[in-house]
Structure formats: structure tokens, C-alpha cells
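Going down the list, the protein sequences come from chains A and B.
This note's numbering puts the first residue of the first sequence at 18, with every later residue one more than the last.
This note's numbering puts the first residue of the second sequence at 87, with every later residue one more than the last.
See below for the structure under consideration.
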Amino acid sequence: MRCQRCQFENVPGESRCFKCGSVLGGGQGVAVDVHPPRMGRMARPFRAVFRWFRRRRILPDVKIGRHVPAFLRIMSGDAFLGIFVSIIPGLAHFVEGRFREVRWHVLGWFLLLLGGMFFYGSSFGWLLIGITIGLHGWIAFKHRLLKEIDEMYRKMGMLIMLLIALGFLYWGIRRVAFGDFEFGYATSGIPYQNVQRGDCLLGRRSRAREGTLTRSSLVFARFRELRVARGGRAGTRNYFNTIGQIVALPGDKIEITGNRFIVNGQKLDEDKFPFPGWLSGAEVSATIPPESYFVSTVYRMRGANLTGDLISEACILSRGDIDALAVMRWFPLERRGFLRPYE
Amino acid sequence: MRRFSRLEFGDSSDEGAEKRGAGEEMRDEEYFHKQAVRYWLAGDFEIALRNYSRSLEQNSSFYPGWLGQVLMLIELGEYKEAAVWVDKALEMFPEHPELLAAKAVACARDGLMEKAIGYSDNSITKDNVTSLVWLGRAEVLLNRRSNIAQNCISKAVAAAGEDVQLVRLRAGRLLNRRGDYPAAMQYLRSVTDELPKAALAWYELGCCQAKLGRPEAQISFEQALKMHPNWPTAGEALRKYKHKGFFSRLFGR
Numbered sequence: 018m019r020c021q022r023c024q025f026e027n028v029p030g031e032s033r034c035f036k037c038g039s040v041l042g043g044g045q046g047v048a049v050d051v052h053p054p055r056m057g058r059m060a061r062p063f064r065a066v067f068r069w070f071r072r073r074r075i076l077p078d079v080k081i082g083r084h085v086p087a088f089l090r091i092m093s094g095d096a097f098l099g100i101f102v103s104i105i106p107g108l109a110h111f112v113e114g115r116f117r118e119v120r121w122h123v124l125g126w127f128l129l130l131l132g133g134m135f136f137y138g139s140s141f142g143w144l145l146i147g148i149t150i151g152l153h154g155w156i157a158f159k160h161r162l163l164k165e166i167d168e169m170y171r172k173m174g175m176l177i178m179l180l181i182a183l184g185f186l187y188w189g190i191r192r193v194a195f196g197d198f199e200f201g202y203a204t205s206g207i208p209y210q211n212v213q214r215g216d217c218l219l220g221r222r223s224r225a226r227e228g229t230l231t232r233s234s235l236v237f238a239r240f241r242e243l244r245v246a247r248g249g250r251a252g253t254r255n256y257f258n259t260i261g262q263i264v265a266l267p268g269d270k271i272e273i274t275g276n277r278f279i280v281n282g283q284k285l286d287e288d289k290f291p292f293p294g295w296l297s298g299a300e301v302s303a304t305i306p307p308e309s310y311f312v313s314t315v316y317r318m319r320g321a322n323l324t325g326d327l328i329s330e331a332c333i334l335s336r337g338d339i340d341a342l343a344v345m346r347w348f349p350l351e352r353r354g355f356l357r358p359y360e
Numbered sequence: 087m088r089r090f091s092r093l094e095f096g097d098s099s100d101e102g103a104e105k106r107g108a109g110e111e112m113r114d115e116e117y118f119h120k121q122a123v124r125y126w127l128a129g130d131f132e133i134a135l136r137n138y139s140r141s142l143e144q145n146s147s148f149y150p151g152w153l154g155q156v157l158m159l160i161e162l163g164e165y166k167e168a169a170v171w172v173d174k175a176l177e178m179f180p181e182h183p184e185l186l187a188a189k190a191v192a193c194a195r196d197g198l199m200e201k202a203i204g205y206s207d208n209s210i211t212k213d214n215v216t217s218l219v220w221l222g223r224a225e226v227l228l229n230r231r232s233n234i235a236q237n238c239i240s241k242a243v244a245a246a247g248e249d250v251q252l253v254r255l256r257a258g259r260l261l262n263r264r265g266d267y268p269a270a271m272q273y274l275r276s277v278t279d280e281l282p283k284a285a286l287a288w289y290e291l292g293c294c295q296a297k298l299g300r301p302e303a304q305i306s307f308e309q310a311l312k313m314h315p316n317w318p319t320a321g322e323a324l325r326k327y328k329h330k331g332f333f334s335r336l337f338g339r
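And the structure:
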């Protein structure tokens, strides 16, 4: 059998030419895929952009050497495109023309995100959001992100860097798109509101700004940090954010005596206004200044030498210190519901 | 044709072959190869690619089919796919200079000049350097604005055997792409003289003429459309030529 390329006369029955290695004419029995791969429709403009850069020597046209850091090396080819398209689930598959996979990725991502938002505040919710972020990494990985990086530890490093970057992206999107909402954990139980310590509460900043704060409202606020110095003397230091309950409104006269709140001469119900343990035995009498509120919260200050002035300094907050108004018990699920206003 | 009329039953009678009729051509790899070249000359690269694939379906070791697929992928602007497919073809035809040259062209058009030079150097060192190899070399050198490119094209034309018109067409297209319109026109004119039904040659000639501000461009585009009616590329070129602005006409651009 004569080779078409080099004209070498081969032994009959051979599939390749002995001299040049070419496939011989009688190779019909060999199953070979003869249909070439095709470019996705959406890939054309992206490639044109990268080609334009390569021709102008803005992007390197050869594989960059090993001395260049991996995060720079990925900029030289499809890897950068891989990262870019992984941000929007399904886009990578759309670009590659794998349309059937687009809906599965979009649907999967959407369901995971929805589940993560629904269970937000719980470990399961964090797991779902983590998987959602991981899905981006998986897409980037599958879309030749790490093809040009040889070493395994660099691949892992790149993947971790990508996931961290995507985590920041999600955090940023949450800040921008859901900036009005605030989540926090209750520091004490309030039987009237069916709130238990550790419950995740959902707050809204706009509601706090609109001036709808009433007595018994749960608020996300910035409190002064009480510290016990040597000798049991307490003082205020930095600020910290937590959830508290408004006990007295501007202009109210508040008294703390006998482990009860007394506002304008009326004793407040223990179910609606639970008395925090750190105030046990404290005696306070104060009038709330305008644009300020007496907000009760929990400190681990039992046994400290607290004065009335110090308590007032810690608990009377200006309006600017209040971030958001809690409107909903978000987690656990069995107690999810809106908070009942007292007044 | 009946569904089971072409089943082989092991007998040696040639009645079926006689009944097929003497005028009908056998649809083997050569047939589809000819069809592919015909469609390429008509400027329909997608159909040409399909015909090359069909020729390989008939015979997977048919070398012109592999080369044609690669060239059509390049024509369609799918350079990465072309490079992938060249690698696959090189598994079947190792170190084939034409395939290496095709890969050099794909890399050059994709802006990967270092790779293109490497593959072109490799292809030129092989035995039996064909006109396609020289044309690939010319394209790579033209990308580097080298003066040797013209010599490579001359060598390509000189090395062409029976397919000299196809080589001239490729050379003309290459020069047109690189902006050497007068030289391109020389090649393309000879192609249109010899192959007057080649719509692609007419279209390329029209492009060169339009770039040089020659009024014959309109005739060439119309001729291309006559050979390949409803060809959107030629139609668009003709429309653009007809609606050229004042300054374009003034400066012949």
C-alpha cells in the first residue's frame, strides 16, 4: 500500500505509513471524529478584543514564563475571559454555545441564592451562599481559568483568591442592593414580641430614619462600651453595635428602681420591657433629652460599681446612634413573623 | 430511491451499479471535495466546511478534507478552533508542512506572531514544500512587514501545479488583506479570466478596485452577485460602494 504523502510502499494491512507516520488510505475502519469544534456566537467579539490587544503588543502573544506571578499570568489568554464570564452564571456556557447548560446553571444559581436568602442568618443559609459563590468558582475552573497554570498549589491559590474576590463581590452587591436591610441577633428575650435570645432579627434603616420609633421598638444601635477597670470601677470606652429596646422616648422621665423601669411614673410590664440583669440594684433617675432615647440592652457588667450617670451615658442614645428599626423575626423559621408594635 | 435498495447481499452482480445510471457521479470523498472547492470559490465557507466534513465522513484519511476544514475555519475567523483542528490533523499526518503552515496562518491572524513564526519556520524546513506553505510563509512575513513576502508569493505561484488559479486566488486575497491592491489585482484578474464563475475572485477583485477608487469595482461586485445571488457579503460591498460619500469619491477611498 503506497503512502499518498511520501510514496513509500508499505506492507498491506498497515494503518500508518512506516516512513512518515501518515494515515494510509484504507483507514475507514478507524472511528475518528471528523467534525471540527466551532466557535460560540458570543465568543467572536471577545476574541476580537483580545486579538486587537495582542496585535498591538498590549497583551503578550506567547505563554508567559514561570517567573511571572500566577495572577498576572492568567491575564494572557482565555483565563481572564473565564473569570469575567464566571461572574454571571450561565454566561460562560452561553459564550461557548452550550445553551442546554445555561438554564441549569442559571436555575441552580438562582435556587441556591434564593435558599441562601431565605435561610439567611443560619448556618444552613451561610452554607447555601457559600455553595452559590463556589458555583462561580466552578464555572471559572471549567472555563479554562486555571489551564495555563501548571502547579497545583498555584491553582489552589488562584481558586481561593477568586472565591475571596467573589465573596467581596457578593458582600458589595448586598450592601448596594439590600442596603436598607440590617440583620442582627437578639441579645435578650422579650416574651411579648416572641423574641428569644439569639434570634436573628431583620431591621430596616429607612424605618428608623422616617421617625416611626415608638416605646418598646427593637432597634439596631451603636452603644457605648462599658468596661470595668481595676477596683470594680466602670467607665465607657469605644462603641459597639447591637440590638436594644427603646424604653423611654424624648422628654420622658425614667427611673430605675427595684429592678423595674418606671417611665413617667408608670411601672412598665416585665413581659414587654424585660429588665436586664446588669442593671440589678441600680438606681437611676433621668429625663430623656430631645432627639434621644433610653435604649435597654445587655452588658456583661454584673457586680460592677455602676453609677446613675454612667448608666445614663451608656443607655441614652441620640437619634444618630440608631441605625435601623427591627421589623421581623427572621430566624428561626418556626417563629418567623413581623414584630408587634406595642404603642 | 427505495429504502433498502443499496443493501449489499454478498452477491457479485453489478445490476445496481448499472441501474444507477452512467451520468450520476459517485458521492465519494472526491465528489465532496470538489463540492467544497466549488462552494469556497462561491464564497460560501460554511457550506464548504460542511462538504469537507462530509468528504471525511466518506474517508477519514482523506488529507485534502482535513486541510480544507482547517482552511475554512480560518476563513470563518475561528482561529483557535482551526489551531485545535490542525493539531488533530497532525496526529494523522505528522509534521505535514501544509498543516504546519495552516497553523502558522491561524496563529498569525489570531495575533500570536511568535507562534506563527515558529510554525512557519518548521513548515518551511520540511521536504516537498508546496505552494500553500509558501503562501503561509508570505502571510506571516507580511504581518511582520517583510519585503521577502513578495518572493514567497512568487514561489508559491511557481510551485503550483494544476491548481495555479486557486493559488493565485489565495495570493490575491492575501495581498488584498495586506493592502497591496495593485499586486492583488494582477493575480485576481488572471483568476477571473480563467475561472469566470468564481464569485469569490470577483468579489476580491471588486474590493481591490473599490479601495483604489476604480469604477470597475461595481461591475466586479455585480459579477460576483451574478455568480452567487443573494451573497450578503458582496451585496453589502456593492451597496457600500454605490453609497460612497463625497470625500470617499474625492480621495478614491
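Here a beta-carbon is modelled for each residue, glycine too, at the ideal position from N, C-alpha and C.
By the criterion of Cβ-Cβ separation under 9 Å, what are the contact partners of residue i in chain A?
i         : result
Leu142(B) : Val49, Val51 and His52
Trp171(B) : Pro53 and Pro54
Gly197(B) : Phe67, Arg68, Trp69, Phe70, Arg71, Arg72, Arg73, Leu76 and Asp78
Ser139(B) : Val51, His52 and Pro53
Beta-carbon within less than 6 Å of residue i's beta-carbon, same chain only, minus the 5 sequence neighbours each way: which residues are those?
i         : result
Ser217(B) : Ala242, Ala245, Ala246 and Val253
Leu221(B) : Ala242 and Arg256
Pro307(A) : Pro267
Phe311(A) : Val264, Ala265, Ile271, Ile305, Cys332 and Ile333
His153(A) : Ser103 and Leu183
Ile133(B) : Tyr125
Val315(A) : Thr204, Ser205 and Pro293
Phe363(A) : Because chain A here runs from 18 to 360, residue 363(A) falls outside it and cannot be looked at.
Val280(A) : Ala265, Asp269 and Ile271
Please list the partners that residue i has in chain B, where partner means a Cβ-to-Cβ separation under 9 Å.
i         : result
Arg115(A) : Result: empty, since nearest Cβ-Cβ is about 15 Å, beyond 9 Å.
Cys37(A)  : Phe179, Pro180, Glu181 and His182
Helix, strand or coil for residue i, going by three-state DSSP, please let me know.
i         : result
Asp338(A) : helix
Glu287(A) : coil
Ser217(B) : helix
Ile105(A) : coil
Ala202(B) : helix
Gln262(A) : strand
Phe179(B) : coil
Ile234(B) : coil
Trp152(B) : helix
Phe262(B) : Checking the displayed sequence, the identity of residue 262(B) turns out to be Asn instead of Phe. Three-state DSSP puts Asn262(B) in a helix.
Phe15(A)  : With chain A running from 18 to 360 in the structure shown, residue 15(A) is simply not present.
Arg223(B) : helix
Ile100(A) : helix
What does residue i touch in chain B if you count any residue whose Cβ is under 8 Å from its own?
i        : result
Val40(A) : Ser146, Ser147, Met178 and Phe179
For residue i, return the contacting residues in chain A, with the cut-off set at a CB-CB distance below 8 Å.
i         : result
Asp207(B) : Residues of chain A passing the Cβ test: none, with the nearest at roughly 15 Å.
Quick one, are the C-beta atoms of residue i and residue j less than 8 Å apart?
i         : j         : result
Gln213(A) : Ala225(A) : no
Arg201(A) : Thr259(A) : For the record, residue 201(A) in the displayed sequence is Gly; it is not Arg. Yes, the pair counts as a contact, with Cβ atoms nearer than the cut-off.
Ala341(A) : Gly220(A) : yes
Val156(B) : Leu185(B) : yes
Ala285(B) : Ala320(B) : yes
Met56(B)  : Phe131(B) : In the structure as shown, chain B begins at 87 and stops at 339. Residue 56(B) is therefore absent and cannot be evaluated.
Gly151(B) : Glu115(B) : yes
Phe237(A) : Glu287(A) : no
Leu298(B) : Tyr273(B) : no
Val277(B) : Gln251(B) : yes
Pro183(B) : Lys212(B) : yes
Ala224(B) : Leu260(B) : yes
Arg336(A) : Arg346(A) : no
Glu280(B) : Met56(A)  : no
Arg239(A) : Arg254(A) : no
Starting from the C-beta of residue i, find all residues in its chain whose C-beta is less than 7 Å away, skip the five residues before and the five after it, and write them out in chain order.
i         : result
Phe35(A)  : Phe25 and Asn27
Gln121(B) : Asn137
Leu129(A) : Leu145, Ile148, Thr149 and Leu152
Ile273(A) : Leu296, Ala299, Glu300 and Val301
Ala190(B) : Ala202, Tyr205, Ser206, Ser209, Gly222 and Val226
Less than 8 Å between C-beta atoms, sequence neighbours within five positions excluded: which residues of the same chain meet that for residue i?
i         : result
Lys328(B) : Gln304
Thr229(A) : Leu342
Going along the region 117-129 of chain B in order, which residues come within less than 9 Å of chain A, judged by CB to CB distance?
none
Against chain B: residues of the region 211-243 of chain A by CB proximity under 8 Å
none
Beta carbons nearer than 8 Å to chain A: which residues of the region 290-317 of chain B have them?
none
Select from the region 149-166 of chain B all residues with a C-beta closer than 9 Å to any C-beta belonging to chain A, and list them in chain order.
Tyr149, Gly151, Trp152, Gln155, Val156, Met158, Leu159, Leu162, Gly163, Glu164, Tyr165 and Lys166
Near-chain B residues of the region 18-29 of chain A (beta-carbon distance less than 9 Å), N- to C-terminal order:
Gln21, Arg22 and Cys23
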